[in-house]
Each structure stands twice: as C-alpha cells, then as structure tokens.
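> Going down the list, the sequences are from chains S and E. In terms of the numbering used here, the first sequence is numbered consecutively and its last residue is 252. In terms of the numbering used here, the second sequence is numbered consecutively and its last residue is 364.
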Amino acid sequence: MTGGPGGQLVEDYLAEVGARLPAPARERAGILAELRSGLLDAVDAYRDARLSGPDAADEAHAAAAAADDAAAADAAAAIEEFGDPGLIAAAFGPGLALGQARRVALTLLVTGPLVGLLWATAATASHMGSRQAPPWQWVGALPGSLMVFPLAAAIAIAVWTALFTVAATGRATRWLPDRPRLAPGTAAVAGFGAAGADVALFVLLASELAVAPGRLAAVPAAAAALASAIRLFLAGRAACRCLTTRAALAGH
Amino acid sequence: MRPEALKGHLDGMLLAALEPGPRHGYAIMEALRAGSSGQFDLPTGTIYPALRRLERAGLVAGTWSEVGGRRRRVYELTPAGRHMLDTERGSWRQFSAAVTAMLEPAPLPVTS
C-alpha cells in the first residue's frame, strides 16, 4: 500500500512522529523510513486477517464495494497498534540524546587539535612562549600569562569530558546503567570547556596586543582568533542544546 | 500485561526473538506476541527505539534490505548479543526461581 486514504493516514501519522523527533534530518529520515516499513507490514497483516477471516467472503464483497474504506480501516488499526505519536517520539528521545552528545564530543575532539595547531602556529610565528621561562616570568606578558592556568584547566576538562562522552555513548552502553541524561550533561561540560579555552585564548591575545602589539604575526594570529571565535560560538551553542536535551529527558 | 511490567526485560526478549535468525521490526513484534501467547502486547512503535539502542550497544546489527518488495531494516544478533542473551537467561532463571520460591504457598507441614 503506497497511496489512497490508507496511505495518507500512514503518512500523516509519520509526519506527526517526525515533527516531534529532535534529530538531524538524515537520522530522522532513517527512523521514519523504518517506521513506515513496519507500519505498512502492520497494514498488510490487518488486511490479510480481514480477507482470511471467517466472514472473508462477505468482507471481500464489502471491501470491493468500499475498498478505500477498508484500506483506511486497516491503516487506522495499524496506527493504533503502533501507538501514540508522542509516545513513539518520546521513546526515541534517550537514543537521540546519546547520538547528539556523541556528535558534539567527537566534533570537539576533532576540531580541538586544529584550533590548537592554529594557535601554536600563531605563537611560534610571533615568538610567543619561546623564552626559556615559565609563563608567569615572561617579561611584559602579565596579566595574560595568568590565563595560562585557566586555559590548561579548560582544555583538560573539555578533553576528558569529551572522551568520557564518546566512551559512554558507544559499545559501552551495554554495560552502563541506563542514564540517558548523563551523556548530554558531559557533552555540555565539554562544550563549555572548549568555549572557556577560547575565552582564555582571547584574553591572552588581548594582553599580548596591549603589551607588545608589534610582536604578533598578524595573519597566523588572525586565523587562530577566527577559528576560536567560530568554535566559541558553535561549542557554546552545542552545549546549550545539550542542556536543553538533558532537561527534556527529566522524566527518564 | 502492562508495558511497565516488561521494563528491564524488553532487551532480553528482543535478543531472544532474534535468536532463530534475522528479522525485521514488525516480525520481531509478531514473534514477541506469538511467543508470549499475546501477553506481551506493547505499542509496536516502541520496539524500534529499543532495537536502535541494542544496535548502538553492538548487541544487534541492522542492515537495510529488500524483503518482499519492500525496503526493510533487518536485525540480527551479533556475537556480543548472543553472549548477552546467555547472560540474561542465566540471570532470569536465578531471579524467577527466587521469586517463585517466595510467592508460591509453602507446603503444609506434615502432621501425624
């Protein structure tokens, strides 16, 4: 069954489920394709049961007279069997939350070294940090050097929570207790950690600009600052979305 | 039987439904119904998220294929899934034996 009133009922039902699925378009399409396949199997099962029942001859006669009504009735029965669209969408919620947390964590782990590389290039080109002394002894580097410690802390938090999130959203879920709110929470911490690292890097850059503006290599520093600005925005937004997802799972 | 009563056991039952061989979602649901003589009558749509959870955990593997002229996602047990099913069975036997021992009326003492 692909068309007619029955098919329209199925598509309306799937549209209602899809509208409540907080998933990327590709993942949502995959879920809906699978649900559609299952729903059409259910419709077929109701049709077969109707046509092979004790009153099949009468039913077949009636169905021939009102084929659309019969198909719609089969579709309606299958939809009722599948469950309320809100219930189905909510049942996908924990799994989608794990997927979202995993994507955020993996993105941070992949982009983090790239942003770090740009800053390292900018620092090397600007001869920043090349002196053989700890940051707090760098001449003219205060107060920016004080940000080195928050920067290291933010990077450590971001990396470890992202690694934990990736580990907790993959194969390890078979051994872990069912706590769907955990991964969005740790992914949010990783996102805020990355954003915090970017803020610390901007403070370092600003202090360097204030103390010794001529020493900065303009192009590498601008590229690093641009990369950090983009990541600051995206990581902050992703972290906020993870917190929203976590809040939506309050009943789980 | 109410769906809440299955909480915590659904994963094991889905794995058991896949033990005979690969099945698509609706066939798994039918196997659950048939295997329980209609006692397990969940909303069919709720088993799809559960199957995805098992897939994420590496206990089942899902692939799209054409079955009966319709594109379906077919699931099968992985070696880890078979191992988990054995573990679940063992745990359930222990648990059900203990519950049965508690709930069944004790035999009356023999008096002479």
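Glycine included, C-beta positions come from ideal geometry on N, C-alpha and C. From a predicted model like this one, the values you see are computed outputs, not experimental measurements.
1) Expressed to the nearest angstrom, what Euclidean distance is found between the alpha-carbon atoms of L243 (chain S) and L114 (chain S)?
2) How long is the line joining the alpha carbons of R325 (chain E) and L9 (chain S), rounded to whole angstroms?
3) What is the DSSP secondary structure of E208 (chain S), counted as helix, strand or coil?
4) Could you list the residues in the segment 286-318 of chain E with a C-beta less than 7 Å from some C-beta on chain S, going in chain order?
5) Is it right to say G287 (chain E) is buried, meaning 16 or more other beta carbons lie within 10 angstroms of its own, or is it exposed?
6) Please compile the residues from chain S whose C-beta is within a distance smaller than 7 Å of the C-beta of G277 (chain E).
7) W175 (chain S) by DSSP, collapsed to three states: which one?
8) Spell out whether any CB of chain C is found under 7 Å from the CB atom of F92 (chain S).
9) Please name the residue in S:A187, S:P150 and S:L205 whose C-alpha comes closest to that of T161 (chain S).
10) Quick one: what's got a C-beta closer than 6 Å to D178 (chain S)'s C-beta in the same chain, skipping five residues either side?
11) In or out: P184 (chain S) buried (at least 16 other Cβ within 10 Å) or exposed?
12) Relative to the alpha-carbon of G320 (chain E), which residue among E:A279, E:L329 and E:A269 has its alpha-carbon at the smallest distance?
13) Three-state secondary structure (DSSP) at L163 (chain S)?
14) Identify the continuous beta strand (DSSP E) that holds V319 (chain E) and give its terminal residues.
15) Note down, in chain order, every chain S residue with its Cβ under 9 Å from the Cβ of M336 (chain E).
16) Let me know if F82 (chain S) comes out buried or exposed under the rule of 16 or more other beta-carbons within 10 Å of its beta-carbon.
17) Using the beta-carbon of each residue, which ones in chain S are nearer than 8 Å to R323 (chain E)?
18) Per the DSSP calculation, E328 (chain E) is bridged to which residue(s)?
19) Does any C-beta atom of chain E lie closer than 7 Å to the C-beta of R171 (chain S)?
20) Verify whether the separation of the beta carbon atoms of A122 (chain S) and A221 (chain S) is less than 7 Å.
21) For the segment 189-222 of chain S, list every residue whose C-beta sits within 8 Å of some C-beta in chain E, in sequence order.
22) Would a C-beta distance cut-off of 7 Å place A239 (chain S) and F202 (chain S) closer than the cut-off?
23) Can you tell me which residues form a DSSP beta bridge with H335 (chain E)?
Taking the coordinates as given:
1) 26 Å
2) 22 Å
3) helix
4) P295, T296, G297, T298, Y300, P301, R304, R305, R308, A309, G310 and L311
5) exposed
6) E34 and G38
7) coil
8) Included in the structure are the protein chains S and E, with no chain C among them.
9) S:A187
10) none
11) buried
12) E:A279
13) helix
14) V312 to V319
15) R174
16) buried
17) A33 and S37
18) E:A313
19) yes
20) yes
21) none
22) no
23) None, per the DSSP bridge assignment.
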